[in-house]
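A short write-up of the structure that comes next.
Numbering (my numbering), first residue to last: 1165 to 1497.
Spelled out as structure tokens, the structure:
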């Protein structure tokens, strides 16, 4: 990794930390802008017309959402925050949701991810969620609006991922679905949201590390996993099921706690929709696994250079072995 990338990655982290630690809306907005200006060079660092197009689209969307956010901040300055009009809070939340590509403001998200490298896509699907979602903690007042956004993200993220063949788009719609879950966790308990976010970081990193290592771009190329030995191949498949939130894997833990808290707080309809949509996401995760299960390596026409990498086995094992440890810690708290 060269100095150029390290500098912008440090700026990216600094912008996020400024946003989540600031006591004024202006400071939060400045942090978001630093975050944006450091992300654009990272996105366009790969010399490709697709990455350049993606970075330009990302800049336009983020500039538009920043303009809406700044407009709502100016409007809020003319009124006491405790008695702020619900319309202003909804406008603020809408701008923040647009920044992270949450439904129904998600239409730009799949197209941008499609033109990026796997590791930059991972950054966009994980780290870039932290600051906007942390700012939503301040604005959660209109429960009906937030509940509607949760249901739309969980539902659209599940349904729109069904017919996808691009692995990047599958991960994007999975991300939109998980954003709905994260917002539900955030609505109830900030600690639960942090736990969900950290576990999502780990699981998606494991998946994208594998995709990057084996040059997997669509579900047909998942047969490249046949180059692994049986133990590593099974471990990769189990990580997919963990991302779907299937017990007894690590991904089940945050969904379990979120559903429990939703039911406890009388969000019964939201809980039912979330569980049903989880079954739909499980379908398209399983569909993405079929080529690696059914195809023999001799059937795979796409050649990739493969060398043994024991790091894959170690990282994959983290996802499978972490649930008993995390569950024990959670019940002790």
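Just so it is clear, CB atoms sit at the ideal spot from N, CA and C, and this is done for glycine as well.
- In the structure shown, residue 1241 falls within a coil segment according to DSSP collapsed to helix, strand and coil.
- The beta-carbon separation of residue 1407 and residue 1371, rounded to 6 Å, stays under the 8 Å limit for a contact.
- Around the C-beta of residue 1344, 16 or more other C-beta atoms lie within 10 Å, and the residue is accordingly described as buried.
- Bounds of any alpha helix (DSSP H) do not take in residue 1212, whose DSSP letter is neither H nor E.
- Straight-line spacing of the CA atoms in residue 1218 and residue 1420 works out to 35 Å.
- Counting only unbroken stretches of 4 or more residues, the alpha helix (DSSP H) elements lying wholly within the stretch 1413-1439 are 1416-1428, in sequence order.
- Going by beta carbons, residue 1309 and residue 1254 fall inside the 8 Å limit.
- The shortest CA-to-CA distance from residue 1220 to any of 1179, 1311 and 1276 is the one to 1276.
- Counting along the chain, no alpha helix (DSSP H) covers residue 1380, and no H or E run does either.
- Bridge pairing for residue 1330: 1382 [DSSP].
- Taking the Cβ atoms as the reference, residue 1267 lies roughly 25 Å from residue 1195, outside the contact range of under 8 Å.
- Exclusion of the five residues before and after residue 1427 leaves 1435 as the residues of its chain whose Cβ lies within less than 7 Å of its Cβ.
- In the DSSP assignment, residue 1173 falls within the alpha helix (DSSP H) that extends over 1167-1185.
- Here residue 1413 is actually not in contact with residue 1449; their C-beta atoms are around 12 Å apart, not less than 8 Å.
- For residue 1411, no alpha helix (DSSP H) encloses it, and the DSSP letter there is neither H nor E.
- The stretch 1249-1285 contains, as complete alpha helix (DSSP H) runs of 4+ residues, the segments 1250-1264 and 1272-1278 (chain order).
- With a cutoff of 8 Å on beta-carbon distance, residue 1241 and residue 1256 are scored as not near each other.
- In the three-state scheme derived from DSSP, where H, G and I count as helix and E and B as strand, residue 1308 is classed as helix.
- Within its own chain, the residues whose Cβ lies closer than 8 Å to the Cβ of residue 1180, once the five positions on either side in sequence are excluded, are 1195, 1199, 1291, 1294 and 1295, listed in chain order.
- Residue 1285 is a Cβ neighbour of residue 1332, given a cutoff of 8 Å.
- Separation of residue 1340 and residue 1168 (C-alpha to C-alpha, rounded to the nearest whole angstrom) is 30 Å.
- Taking 8 Å as the cut-off, the Cβ atoms of residue 1233 and residue 1260 count as close.
- Within the model, the alpha-carbon separation for residue 1171 versus residue 1337 is close to 30 Å.
- Taking the CA atoms as reference points, residue 1238 sits about 49 Å from residue 1453.
- Taking a cut-off of 8 Å for Cβ pairs, the stretch 1201-1215 and the stretch 1173-1189 touch, as three or more such pairs fall below it.
- Secondary structure of residue 1368 (DSSP, three-state): helix.
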